[in-house]
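Numbered per mature numbering (1 follows the signal peptide of the UniProt record, and there is no 0), the sequence shown spans residues -20 to -1, 1 to 581.
Glycine is no exception: its CB is placed at the ideal position from the N, C-alpha and C atoms.
Here the structure is a predicted model, which is why all the values come from computation and not from measurement.
Working notes, beginning with the structure itself.
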Amino acid sequence: MRVLFAIIIFVLAGTGTLFAQDNELQLAMQYNTNGEPQKALEIYQKLFKQNNETYYSYYVNTLLSLKKFSEAESITKKLIRKHPNVNEYQIVLGTVYTQQGSLDKANGIYDDMLKNLPADQMEIANLANQFYQSTNTDYAIKIFLQGRKLLKNDELFTYELINLYRFKRDKVSLTEEYLNFLPTNPNFITQAESNFATIFEGEADYALLKSALLRRIQKDPQQTIYAELLTWQYMQQKEYDLALNQALALSRRQNDEGNSIYELCRTLTTNEAYDTAIRGYEYIIAKGTGNPLYVPAKIELINTKNLKVTTGKYLPADLLGLEQDYLALLTEFGRNNNTVFAMQKLASLQAFKLHKLNDAQKLLESAVAIPNIRAELLASCKLDLGDIYLLNNQPWEATLLYSQVEKDFPNTPIAQDAKFRNAKMAYYTGDFTWAKGQLDVLKAATSQLIANDALNLLLLINDNVAIDSSGAALKTYARADLQIFAEQPAKALVALDSIDKKFPGNSLSDDILMAKARILIQQKNYTDAVPLLKKIFDDHPTELWADDAVFMLGDIYENHLDDKTNAKNWYQKIITDYPGSLYINEARKRFRLLRGDKADS
C-alpha cells in the first residue's frame, strides 16, 4: 500500500511539473509576441536546463533573434555530441554560422551531410524537408538531386523539386524539370502551363522555354507533348499564326479529327485573332462532312467572320458576304431548332448593319415559330424580334413580346432584361411617365448592369422633366438615342445638333456629348471620341455621365490607342474621384495590372 501511495505521489508531482512548465512556456511565447524576447529567453533557458530536447528549438531560436550566437553554438554542439546522428542539430548549427556570417563553416557542415547521404529514399526526403523547413532551399534541392544519383533514378523527387524551383523562382530548372517529366506524365501539362504563367515575367522567360522546347523537338520529334507546349508558348506571346501552324503540324502528323485545333480556334477568337481562327476552322471543314467537327466548325467559322466584320472597320461588301455565308449555312442545314441561333445572328446582321428591317423581321418571326427551341434561346429571339418591331415602327408589337418574355421567366435576369427593354421603348417613344414607373422598379434589379442602366436612364428623365415638364428637348434626344441603337449615326447626329437650336438653355449638354462619343466609338473612331469624353469630365465632373466618361477614356487608351500610361491615369481617377462608381472594381483591377502588379495580388 505504501508503494502504491508513493507511485501516486510521484505521478502527481510529475503532472504538476509538466503543468507548471506548460504555463511558463505560454508566458514565454506571450513575451515574444509582445516584443520582449529577453524576458522570453530567461524562461526558455530555465526550461531548457530542465529538458534539453523538448525546449531546444524555443531556446535556440530566441538566442538567434537576440544575436547571441556563441550561446546558440555552444548548446547546439552539446546536443550534437549527445545525438551525433540527429540531422536537425547539424542544420541548426549551420544556421547559427550563416547568421553569424561564417558561410564557409555552414557550407562545410552541409557538404558533409551531403557527402554522407544514405541511399535511403525516406531518409533523403526527410533530410531535404528539414533543410526546407529551415528555409535553406538550395541545400534541399541539392539533397534531392544527390539522392537521385545515389538511388540511380532520375524520376524520383520530381514533385518536390518542382515545388522548390517554383518557390525559388528558378525558371531554368523548373523548365528543365517539367520537360523531363511531361513525356511520361502528359496529364500534367495544364499544371506546367499554369506554373510557367505564374513565374514567367516577360519575353525573355518565354524565349527560354521556346529554346528548350525546340531543342527537345529536334532531338525527339515524335514526342508530341513538346509540340503542344510550344503551341501554348506561342499563344502566350500572342504569336497566333505560329501557334496555329504548330498545332496544324501536330494534327496532320497524328491524322486526328482536329479537336485540339477546334479548341485552339475558340481561344484565338476570344483573343480577337479572327483571321487565324478562320484558317483553323477551314482546316477542319476541309476534312469533309464525315468529320464529327464539320458542323460545329462551320458554325464557328461564320460566327468568327461575324465578329471580325462587326467589331472592326468594314465595307458594305464585307457585310453582304457575311450575309451570304449565313444564308448558305441555312440552305445546307435547313431552318430548324438546330439552326435557330444562325437565324438570330443573321437577323441581327440584317437589322443593325444592313438595315434590312423587313428581312430581319420575317426571319425572326419564322424562327420563333419553330417547335422545340430551347426556352432561353426562344426568349432571346423574341427580345431581338421586339427590338426589330420597335425599329420598324411597330411599338405595340414590341411591347407585347417584351411583356410575354417577362411573364414567361418571372424573377430572372431574362425577365429584368425584358422589362428594361419595355421601359426603354417607352422612353424612345416619349412616354416618360410609364418609363419612370418601370425604371423605378428596375433600379433595384439583381443584375447590377441593368440596375445601373435603369438608374442612369431614370435620372436622365427626372433631371430633364423637372426643368421642362413637357419633355420636348428630351423627346428629341430620345429619338437620337433610338437612332444610335439602330446604328444610324447620320440621323442621330442631325437630331442631336437640333436640340440646342430648338431648345436653348436645355440641360442636356453632357448627355449630348456622351451620345456623340458613343456614335464615334460605334464607328471605331476612338481618337475623335477622346476630346468629347474629356469635355464631359472637365465641364460636368459631378453629372450623370462623368464616371462613365472617365472609365471609357481608360478603356480607349488601353485597348484602342495603346497608351498604357494615360489608361492607368484615367483608371486611377475612377478610384480616387468616383469610389462609388459601378466601374470601381474593374478600374482597380485594370490599374493594378497596368502598374505591373501580378494578376493574383
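Pick out whichever of Gly410, Asp443, Tyr408 and Ala398 has its Cα sitting closest to the Cα of Val421.
For the purposes of this step, residue 421 is identified with residue 441 of the sequence shown, where counting begins at 1. When only C-alpha atoms are compared, the closest one is Ala398.
For the pair the region 447 to 458 and the region 471 to 479, tell me if three or more CB-CB distances fall below 8 angstroms.
Per the Cβ contact rule, the region 447 to 458 is in contact with the region 471 to 479 (3 or more Cβ pairs under 8 angstroms).
Report yes if the C-beta distance between Ile499 and Leu541 is below 8 angstroms; otherwise report no.
As a first step, residue 499 must be located in the sequence shown, where it is residue number 519. As a first step, residue 541 must be located in the sequence shown, where it is residue number 561. No, the pair does not count as a contact, with Cβ atoms beyond the cut-off.
Can you grab the Cα-Cα spacing for the pair Gly74 / Met9, in whole Å?
Here residue 74 refers to the residue found at position 94 when the sequence shown is read from its first residue. Here residue 9 refers to the residue found at position 29 when the sequence shown is read from its first residue. Rounded to whole angstroms, the separation of the alpha carbons of Met9 and Gly74 is 25 angstroms.
Quick check: the region 265 to 285 against the region 299 to 314, are at least 3 beta-carbon pairs closer than 8 angstroms?
As far as the Cβ criterion goes, the region 299 to 314 touches the region 265 to 285, which means the pair count is three or higher.
Pick from Ala347, Asp91 and Asp118: whose alpha carbon is nearest that of Lys148?
As a position in the sequence shown, residue 148 is number 168, starting the count at 1. Relative to the Cα of Lys148, the nearest Cα in the group Ala347, Asp91 and Asp118 belongs to Asp118.
Inter-residue Cα distance where the pair is Ser487 and Asn442:
For the purposes of this step, residue 487 is taken as residue 507 along the sequence shown, with counting starting at 1. For the purposes of this step, residue 442 is taken as residue 462 along the sequence shown, with counting starting at 1. In a straight line, the C-alpha of Ser487 is about 11 angstroms away from that of Asn442.
When the distance is taken between beta carbons, is Ala108 closer than 8 angstroms to Ile123?
By one-based count along the sequence shown, residue 123 stands at place 143. By one-based count along the sequence shown, residue 108 stands at place 128. In this structure, Ile123 lies near Ala108, with their beta-carbon atoms less than 8 angstroms apart.
In the structure shown, what three-state DSSP assignment does Trp525 receive?
Walking along the sequence shown from the start, residue 525 turns up at place 545. It is coil, neither helix nor strand.
Quick check on DSSP: helix, strand or coil for Leu193?
Indexing the sequence shown from 1 puts residue 193 at position 213. Helix, per DSSP.
Do you know offhand how far Ile564's Cα is from Asn432's?
Mapped onto the sequence shown, residue 564 falls at position 584. Mapped onto the sequence shown, residue 432 falls at position 452. Rounded to the nearest angstrom, the gap between the Cα atoms of Ile564 and Asn432 is 13 angstroms.
Buried versus exposed, by CB contacts within 10 Å (16 or more), Ser346
Position 366 of the sequence shown, counting from 1, holds the residue named residue 346. Flag for Ser346 reads exposed.
If you drop the 5 nearest sequence neighbours on each side, which residues of the same chain put their C-beta closer than 8 angstroms to that of Val(-18)?
If you number the sequence shown from 1, residue -18 lands on position 3. Interpretation of Val(-18) is limited by its pLDDT of 43, a score under 50 that renders its predicted location unreliable; the figure taken from the coordinates is listed afterwards. Once the five neighbours on either side are set aside, Val(-18) has no close Cβ partner at all.
State the Cα-Cα distance for the pair Ile447 and Pro521, rounded to the nearest angstrom.
In the sequence shown, residue 447 corresponds to position 467, counting from 1. In the sequence shown, residue 521 corresponds to position 541, counting from 1. Taking the straight line from one Cα to the other gives about 20 angstroms.
Could you tell me which whole alpha helix (DSSP H) segments of length 4 or greater appear in the region 208 to 296?
Entirely contained in the region 208 to 296, the alpha helix (DSSP H) runs reaching 4 residues are, in chain order, 220 to 234, 239 to 250, 254 to 265 and 274 to 290.
Does the distance from the CB of Asn286 to the CB of Lys325 come in under 8 angstroms?
Residue numbering aside, residue 286 sits at position 306 when the sequence shown is read from its first letter. Residue numbering aside, residue 325 sits at position 345 when the sequence shown is read from its first letter. Cβ distance < 8 angstroms, so Asn286 and Lys325 count as in contact.
Residue of Leu222, Tyr407 and Ala567 minimising C-alpha distance to Leu439:
Numbered from 1 along the sequence shown, position 459 holds the residue referred to as residue 439. It is Tyr407 whose Cα lies nearest to the Cα of Leu439.
Starting from Glu157, follow the alpha helix (DSSP H) in both directions and report where the run begins and ends.
Reading the sequence shown from its first residue, position 177 is the one you call residue 157. Start and end: Lys151 to Phe161.
Work out the CA separation of Ala434 and Thr13 for me, nearest whole Å.
Here residue 13 refers to the residue found at position 33 of the sequence shown. Here residue 434 refers to the residue found at position 454 of the sequence shown. Rounded to the nearest whole angstrom, the C-alpha separation of Thr13 and Ala434 is 53 angstroms.
When DSSP labels each residue in this structure, what does Asn549 get in the three-state scheme?
Translated into positions along the sequence shown, residue 549 becomes position 569. Asn549: helix per DSSP, three-state reduction.
Taking the beta carbon of Glu232 as the centre, do at least 16 other beta carbons fall within 10 Å, making it buried, or is it exposed?
Locating residue 232 in the sequence shown gives position 252, counting from the first residue. The identity of residue 232 in the sequence shown is Arg, whereas the question assumes Glu. With fewer than 16 other Cβ atoms within 10 Å, it is exposed.
For Ala177 versus Tyr158, is the C-beta spacing smaller than 8 angstroms?
Residue 177 sits at position 197 when you count from the first residue of the sequence shown. Residue 158 sits at position 178 when you count from the first residue of the sequence shown. Going by beta carbons, Ala177 and Tyr158 fall outside the 8 angstroms limit.
Segment limits, alpha helix (DSSP H) that includes Thr115:
If you number the sequence shown from 1, residue 115 lands on position 135. In the DSSP annotation of this structure, Thr115 is not part of any alpha helix (DSSP H), being labelled neither H nor E.
For Val445, which residues from the same chain have a beta carbon less than 8 angstroms from its beta carbon, with the 5 sequence-adjacent residues on both sides left out?
Translated into the one-based positions of the sequence shown, residue 445 becomes position 465. Beyond the five residues adjoining it in sequence on each side, Val445 comes within less than 8 angstroms, by CB distance, of Phe412, Gly451 and Leu454 in the same chain, given in chain order.
Hey, out of Val275, Leu44, Lys19 and Glu4, whose CA is closest to Gln30's CA?
For this step, residue 30 is matched to residue 50 along the sequence shown. Considering only alpha carbons, the answer is Glu4.
Inter-residue Cα distance where the pair is residue 582 and Gly366:
A question about residue 582 goes unanswered here, because the residues of the chain that appear run from -20 up to 581.
Would the region 373 to 382 and the region 349 to 357 be scored as touching if the rule is three or more Cβ pairs under 8 angstroms?
No contact exists between the region 373 to 382 and the region 349 to 357.
Other residues of its chain near Asp339: CB distance less than 6 angstroms, five sequence neighbours each side excluded:
What you label residue 339 is simply residue 359 of the sequence shown in a count that begins at 1. In the same chain as Asp339, and ignoring 5 residues on each side of it, the C-beta atoms closer than 6 angstroms to its own belong to Gln330, in chain order.
Thinking C-alpha only, which one of Lys57, Gln234 and Leu224 is nearest Glu262?
Your numbering for residue 262 matches position 282 in the sequence shown. For the options Lys57, Gln234 and Leu224, the alpha carbon positioned closest to that of Glu262 is the one of Leu224.
Is the beta carbon of Tyr537 sitting closer than 8 angstroms to the one on Ala526?
Mapped onto the sequence shown, residue 537 falls at position 557. Mapped onto the sequence shown, residue 526 falls at position 546. Contact annotation: Tyr537 and Ala526 have beta-carbon atoms that are not nearer than 8 angstroms.
Using a Cβ distance threshold of 8 angstroms, determine whether the region 93 to 102 contacts the region 121 to 139, with at least three qualifying pairs required.
Contact between the region 93 to 102 and the region 121 to 139 is present, because at least three Cβ pairs lie under 8 angstroms.
Taking just the CA atoms, how far does Ile205 sit from Arg196?
Your numbering for residue 196 matches position 216 in the sequence shown. Your numbering for residue 205 matches position 225 in the sequence shown. The straight-line gap from Cα to Cα measures roughly 10 angstroms.
Measure the CB-CB distance between Leu18 and Leu46 and report whether it falls below 8 angstroms.
Along the sequence shown, one-based indexing puts residue 18 at 38. Along the sequence shown, one-based indexing puts residue 46 at 66. Going by the sequence as given, residue 18 is Gln instead of Leu. A contact, by the Cβ cut-off of 8 angstroms.
Over the uninterrupted alpha helix (DSSP H) stretch that includes Tyr558, give me the two end residues.
What you label residue 558 is simply residue 578 of the sequence shown in a count that begins at 1. It is not in any alpha helix (DSSP H) - Tyr558 carries neither H nor E in the DSSP assignment.
Chain-order list of residues whose beta-carbon lies under 7 angstroms from that of Ile169 (same chain, five-residue window excluded)
Here residue 169 refers to the residue found at position 189 of the sequence shown. Within the same chain, Ile169 has close Cβ partners Leu162, Ile205, Glu208 and Leu209.
Give me the residue from Ala297, Thr269, Gln217 and Trp212 with the minimum Cα distance to Ile241.
As a position in the sequence shown, residue 241 is number 261, starting the count at 1. Answer by Cα proximity: Trp212.
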